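Participant: Below: one structure in structure tokens.
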Amino acid sequence: MSSPKTNGMPPVKQRQGVRFQNWAKTHSCRPALFFEPDTEAQVIVKQARAQGKTCRAIGAGHSPSDLACTNDYMIGTDRLDRVISGGMRLHDLHEYLAQHQLALSNLGSISDQSVTELTLVLADGAVVTCSAEEQPRLFRAAQCSLGCLGIIVRVTLQCEPAFLLRATEELWSMADLLGRWSDTVHSAEHVRFWWFPHTDNVVVWRANRTTEHAVGRTPALSWLRDRLFGYHMYELGLYLARFMPRLLTASIERWKVAWLHQDPIVTVGPSHDVFNFDCLFSQRVNEWAVPADRAPEAIRQLRQIIAQGSFPVHFPIEIRFTAKDDIWLSPAQGHDVCYIGIIMYRWVMEAMSRSCFAG
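Here the sequence shown is numbered in the UniProt record's numbering, starting from 1 and rising by one per residue.
Take a look at the structure:
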């Protein structure tokens with residue numbers, strides 16, 4: 001099998017026999033060739049097209065789907081990590097921005113960025129730059145294109161001066177939250193909830209900008225709380241629950257609430273540290289986008305389904321919010337959205353989770 005070459009450029013690094021696996025270890029594939037370009041010109045779309053091969057680009061592999069998997073050509077973006085190329089990891093970007101006293105205005109749990117310009121290698125190999133002013137239709141389509149329009153090789157993000165966040169975590173009952181829903185959702189700059197279904201408790205997380213000095217937990221307390229109990233003991237409990245899910249799952253969740261969430265938690269720190277949190281173990285994820293004004297109704301119906309006992313939900317359900325946008329394939333296109341995220345750890349009740357997420 002002949003391998004593609006880039007005309008007038010040094011040959012692109014390529015390997016055979018590479019096995020790709022996503023972070024959660026739920027999907028894997030073995031592409032025919034794995035490419036690691038250093039420059040936009042080395043992105044081998046045009047050559048692959050001439051050979052009748054499809055291309056998929058991968059990043060850090062954090063997506064829980066198999067969207068990046070292919071048996072043809074896979075393009076790794078790790079070496080496209082200049083400031084700011086399409087392969088740069090957010091954690092590296094945070095460090096670079098901090099050196100220049102800058103920050104992104106918003107982040108997801110695992111590090112919404114304000115994308116102002118994109119450069120893509122299209123399916124015919126053409127390199128195109130688009131923004132809200134230049135080729136706006138392509139820009140709105142490409143912002144959420146799932147790889148269908150081409151490979152994003154360069155991104156321009158709108159940043160702002162670095163800032164601190166003060167975040168609080170408080171334990172509420174779901175009844176209290178539903179009774180004060182609108183006021184709570186709009187009570188801070190950033191709001192999200194973690195709902196423990198078997199206890200009916202909710203952790204209300206709220207964050208605002210602050211000029212306070214950064215405050216963190218002492219290393220010993222942080223390790224005891226977050227790693228020993230919040231990770232290792234919790235993982236052991238979930239492992240045991242796979243053998244007796246209906247007997248142990250509710251008890252484990254009640255234990256987690258009692259040990260880790262009874263007292264309010266206050267964190268002050270750089271924005272990227274406060275926005276992000278540890279996703280813990282390998283997991284299967286299914287997130288639903290519902291109109292923001294219908295979210296309480298959706299949660300009440302979900303409570304009824306869980307109460308029937310068919311699904312021993314073993315991890316907090318994350319509830320978060322986003323404003324409407326004009327991106328063509330975005331779930332928030334034209335209306336405000338509430339995301340309800342269902343998580344099941346990969347090795348817990350594997351057969352049941354597959355049947356649940358298949359529908």
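Even for Gly, the Cβ is constructed at its ideal location relative to N, Cα and C.
Everything numeric in this text was worked out from a predicted model, so none of it was measured.
In chain order, which continuous runs of the alpha helix (DSSP H) of length 4 or greater are located wholly inside the segment 97-180?
Facilitator: If we require 4 residues or more, the alpha helix (DSSP H) runs fully inside the segment 97-180 come out as 136-142 and 174-179.
Participant: Should the segment 332-340 be regarded as contacting the segment 201-216, the criterion being three or more beta carbon pairs within less than 8 Å?
Facilitator: They do not touch, by the three-pair rule.
Participant: Taking the straight line between their C-alpha atoms, what separation do you get for residue 190 and residue 64?
Facilitator: One-based indexing of the sequence shown puts residue 190 at position 190. One-based indexing of the sequence shown puts residue 64 at position 64. Each residue's alpha carbon lies about 25 Å from the other.
Participant: Mind reading off the beta-carbon distance from residue 48 to residue 73? Whole number of angstroms is fine, and I expect it under 8 Å.
Facilitator: The sequence position of residue 48 within the sequence shown is 48, counting from 1. The sequence position of residue 73 within the sequence shown is 73, counting from 1. Sure, about 5 Å apart at Cβ, within 8 Å.
Participant: For residue 263, name the three-state secondary structure that DSSP assigns.
Facilitator: Your numbering for residue 263 matches position 263 in the sequence shown. Looking at residue 263 - three-state DSSP - the assignment turns out to be coil, as it is neither helix nor strand.
Participant: Judging by CA-CA distance, which residue of 143, 139, 43 and 212 is the nearest neighbour of residue 12?
Facilitator: As a first step, residue 12 is located in the sequence shown; it is residue number 12 there, counting from the start. Minimum Cα distance to residue 12 is reached at 43.
Participant: With a Cβ-Cβ cutoff of 7 Å, do residue 151 and residue 68 count as a contact?
Facilitator: Along the sequence shown, read from residue 1 onward, the residue named residue 151 stands at position 151. Along the sequence shown, read from residue 1 onward, the residue named residue 68 stands at position 68. In this structure, residue 68 does not lie closer than 7 Å to residue 151 by Cβ.
Participant: Kindly indicate which three-state DSSP category residue 291 falls into: helix, strand or coil?
Facilitator: Position 291 of the sequence shown, counting from 1, holds the residue named residue 291. Three-state DSSP puts residue 291 in a strand.
Participant: So, for residue 113: in the same chain, excluding its five sequence neighbours on each side, which residues have a beta-carbon less than 6 Å away from its beta-carbon?
Facilitator: Position 113 of the sequence shown, counted from the first residue, corresponds to residue 113. Because residue 113 sits at a pLDDT of 47, beneath the cut-off of 50, its placement in the model cannot be relied upon, and the point is left open.
Participant: Across which residues does DSSP place residue 255 in a beta bridge pair?
Facilitator: Along the sequence shown, read from residue 1 onward, the residue named residue 255 stands at position 255. Looking at the DSSP assignment, residue 255 forms no beta bridge with any residue, so it has no partner.
Participant: Closest to residue 271 by CA distance: which of 214, 282 and 281 is it?
Facilitator: Numbered from 1 along the sequence shown, position 271 holds the residue referred to as residue 271. Taking only the C-alpha atoms, the option nearest residue 271 is 214.
Participant: Taking 7 Å as the threshold (C-beta atoms), are residue 121 and residue 45 in contact?
Facilitator: Counting from 1 along the sequence shown, the entry for residue 45 is found at position 45. Counting from 1 along the sequence shown, the entry for residue 121 is found at position 121. Their beta carbons are under 7 Å apart, which means residue 45 touches residue 121 by this criterion.
Participant: Under DSSP, the beta strand (DSSP E) around residue 13 begins and ends at which residues?
Facilitator: Mapped onto the sequence shown, residue 13 falls at position 13. Counting along the chain, the beta strand (DSSP E) containing residue 13 begins and ends at 13-15.
Participant: On the CB-based measure, 16 or more other CB atoms within 10 Å of its CB, does residue 258 come out buried or exposed?
Facilitator: The count along the sequence shown starts at 1 and reaches residue 258 at position 258. Exposed, by the Cβ-count rule.
Participant: Within 10 angstroms of the Cβ of residue 243, are there 16 or more other Cβ atoms? Answer buried if so, exposed if not.
Facilitator: The residue given as residue 243 occupies position 243 in the sequence shown. With fewer than 16 other Cβ atoms within 10 Å, it is exposed.
Participant: So is residue 109 buried or exposed if we call it buried at 16+ other beta carbons inside 10 Å?
Facilitator: Here residue 109 refers to the residue found at position 109 of the sequence shown. For residue 109, the pLDDT reaches just 43, beneath the cut-off of 50, and the residue's location in the model is therefore unreliable, although a value from the coordinates is still provided. That one is exposed.
Participant: When burial is assigned at 16 or more other CB atoms within 10 Å of the CB, is residue 288 buried or exposed?
Facilitator: On the sequence shown, position 288 is the one that residue 288 refers to. Residue 288 is exposed by the Cβ-count criterion.
Participant: What did DSSP end up calling residue 325 once you bin it into helix, strand or coil?
Facilitator: As a working note, residue 325 is residue 325 in the sequence shown. Reduced to three states, the DSSP call for residue 325 is strand.
Participant: Starting from residue 45, follow the beta strand (DSSP E) in both directions and report where the run begins and ends.
Facilitator: Taking the sequence shown and counting its residues from 1, the one referred to as residue 45 is at position 45. Segment 45-50 is the alpha helix (DSSP H) holding residue 45; no beta strand (DSSP E) there.
Participant: Quick one: residues in its chain with C-beta nearer than 7 Å to the C-beta of residue 34, no 5 flanking neighbours on either side, listed in chain order?
Facilitator: Within the sequence shown, residue 34 is the residue found at index 34, counting from 1. Result list for residue 34: 14, 15, 18, 74 and 76, in chain order.
Participant: Reducing DSSP to helix, strand and coil, say where residue 243 ends up.
Facilitator: Indexing the sequence shown from 1 puts residue 243 at position 243. Three-state result, residue 243: coil.
Participant: What is the residue span of the beta strand (DSSP E) that residue 34 lies within?
Facilitator: Taking the sequence shown and counting its residues from 1, the one referred to as residue 34 is at position 34. Counting along the chain, the beta strand (DSSP E) containing residue 34 begins and ends at 33-36.
Participant: Starting from the C-beta of residue 129, find all residues in its chain whose C-beta is less than 6 Å away, skip the five residues before and the five after it, and write them out in chain order.
Facilitator: Sequence index remark: in the sequence shown, residue 129 carries index 129 (1-based). Excluding sequence neighbours, residue 129 sits near 119.
Participant: Quick one: measure Cβ to Cβ for residue 168 and residue 264, integer angstroms, because I've assumed they're closer than 8 Å.
Facilitator: The residue you call residue 168 lines up with position 168 of the sequence shown. The residue you call residue 264 lines up with position 264 of the sequence shown. Between residue 264 and residue 168 the Cβ distance is about 6 Å, and since that is below 8 Å, they are a contact.
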